[in-house]
Amino acid sequence: MPTQLVPIDVIQKSEKILFIAHLALGDFTYLQNCFKAFSKAFPHIKMHLWVDEVRRTSDSTQWESLRNYSLYDWLAACPFFDKVYSSTYSPALFQQSIGEARRENYPLVVSLATLRPHKYARLARDISPSGFVTGMKERLGILTLHRSLAYRSLDATIAPYAVSRDDPQHISAVYADWFHQLFGMQIAP
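Sequential numbering of the sequence shown, starting at -2, is according to this note's numbering.
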């Protein structure tokens, strides 16, 4: 039996899961294999995806281009996502999306956000106050100790990947390792 961060009983009882990520086309190109493998391994779980727009702005002149991001077309064509939150590009729509996600009462939320993971830890717990929530946790230093409060709200954590010349890894191997740590899945990179 593989060791995994998300308990098997949580997976078995969950009818849906929310993945949170700040995706670009390249990220999704490699992550989609992991999402597809998850949907096959756990067909009873409906997969929802929160695509966080890191370029979120109050400047309404930018909203049209943010709304029409081609990634959303790719996601709409994916058969393994039952719901995609893609209206996070303005502060007001971001708040509306949080409310919509809260009403889903997600039993399981996984943040795959590597940029500002403490903010996504808070977002994940805000969306699911009583569910099992996991996400990335950066190494904390003296200047980032205040972020530990956000990480305490997580039920389990994984470390974001680090680029190393001594141990170069393709990003697909990194993503496969995340799913292995979280769910005990073996995914070929």
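Ideal placement from N, C-alpha and C gives every residue a C-beta, glycine not left out. Note that this is a predicted model, so its numbers are computed, not measured.
Rounded Cβ spacing between Phe180 and Phe35 (contact assumed at less than 8 Å): Right, the Cβ-Cβ distance comes to about 7 Å (below 8 Å), so this counts as a contact.
Three-state secondary structure (DSSP) of Ser36: Here Ser36 sits in helix by DSSP.
Three-way DSSP call (helix, strand, coil) for Val7 in this model: Residue state for Val7 is assigned as helix, using DSSP reduced to three classes.
Boundaries of the alpha helix (DSSP H) in which Val171 is found, first to last residue: In the DSSP assignment, Val171 falls within the alpha helix (DSSP H) that extends over 168 to 180.
Segment contact, 8 Å Cβ cut-off, at least three pairs: the region 57 to 74 with the region 83 to 92: A contact exists between the region 57 to 74 and the region 83 to 92.
Classification of Ile17 by the beta-carbon crowding that lies within 10 angstroms, buried from 16 upward: Burial call: buried.
Continuous alpha helix (DSSP H) stretch holding Lys43: start and end: First-last for Lys43: 43 to 48, but that is the beta strand (DSSP E), not the alpha helix (DSSP H).
Terminal residues of the beta strand (DSSP E) in which Ala153 lies: Looking at the DSSP string, the run of the beta strand (DSSP E) that includes Ala153 is 153 to 155.
C-beta contact flag for Glu50 and Thr85 at 7 Å: Yes; because the gap between Cβ atoms is below 7 Å, this pair is in contact.
Check: Val3 C-beta below 6 Å from any heavy atom of the ligand ZN: This structure simply doesn't include the ligand ZN, nor any ligand for that matter.
Three-way DSSP call (helix, strand, coil) for Phe16 in this model: Here Phe16 sits in strand by DSSP.
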